[in-house]
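Visitor: Each number in our numbering corresponds to the 1-based position in the sequence shown with 44 added. In this text, a Cβ means the ideal position worked out from N, Cα and C, and glycines have one as well. Please read through the structure below; I'll follow up with questions.
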Amino acid sequence: YKQWYQRRVRGKIRERSVEVLFDGDGDGNSVATLILDALLKCPIDCRTELAENIIIIGGGSMLPGLTHRIKEEILALVAFSRFSALQGIKTFKFYKPNYPANIMSWVGGSIMGCVEHLHDRYVPREFYNSRGVATLPDWCSLAPQLKDNTAVSGGIVRWIRRW
């Protein structure tokens, strides 16, 4: 058995490693700008509802104060002309999932695998193995087929099933 050693990391190093999320890459994209860009790509009537239901998941989301910092960054960025279409949104709320944030993507994947009416959005193993990850379609852009074989277009699809 290997012995586990505790390593001390100075505060400045810990702080700087998280600042990478907010400094942006070469294109000027940070976590906050990516969230706002995603909202801009959504239909106008859904933006407010989506802004009030933001979920941050993954191991990094468990950092103390991360969601508060992302919210501050978002509120500061909305004032810029790049995001002027979102200035009508006054509140950005972060939803806390029922499961730990570091395993939430696995929980979502297992739920997706169990839901039978989403079978048209699955990618068969043979397709993935033959073409690779670069050719996978975006999940939101797949148009589900209705019973009368008409496609529903749009990134956000709401349909009501009548029993």
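Using the Cβ count rule (16 or more neighbours within 10 Å means buried), how would you classify ARG205?
Guide: By one-based count along the sequence shown, residue 205 stands at place 161. The predicted model places ARG205 with a pLDDT of 31, which falls under 50 and marks its position as unreliable, so this point remains unresolved.
Visitor: Quick one: give me the first and last residue of the alpha helix (DSSP H) that SER149 is part of.
Guide: As a working note, residue 149 is residue 105 in the sequence shown. First-last of the alpha helix (DSSP H) with SER149: 148-158.
Visitor: Along the chain, where does the alpha helix (DSSP H) containing GLY55 start, and where does it finish?
Guide: Here residue 55 refers to the residue found at position 11 of the sequence shown. Per DSSP, GLY55 belongs to the alpha helix (DSSP H) from 55-67.
Visitor: Have a look at ARG52, ILE88, LYS115 and ASP69 and flag the residue whose alpha-carbon is nearest the alpha-carbon of LEU130.
Guide: Taking the sequence shown and counting its residues from 1, one reaches residue 130 at position 86. Among ARG52, ILE88, LYS115 and ASP69, the Cα nearest to that of LEU130 belongs to ILE88.
Visitor: What separation, rounded to the nearest whole angstrom, lies between the Cα atoms of LYS22 and GLY176?
Guide: Because the chain here runs from 45 to 207, residue 22 falls outside it and cannot be looked at.
Visitor: Are PHE138 and ILE101 close, meaning C-beta to C-beta below 7 Å?
Guide: Counting from one through the sequence shown, the residue named residue 138 turns up at place 94. Counting from one through the sequence shown, the residue named residue 101 turns up at place 57. The answer is no: Cβ separation not under 7 Å.
Visitor: So which of VAL151, ALA76 and ARG169 has the shortest CA-CA distance to ARG126?
Guide: In the sequence shown, the residue the question calls residue 126 occupies position 82. Nearest option by C-alpha distance: ALA76.
Visitor: By Cβ distance below 8 Å, which residues in the same chain neighbour ILE133 in space, the five residues on each side in sequence not counted?
Guide: Within the sequence shown, numbered from 1, the residue matching residue 133 stands at position 89. The residues are LEU83, ARG91, THR92, ALA95 and VAL122.
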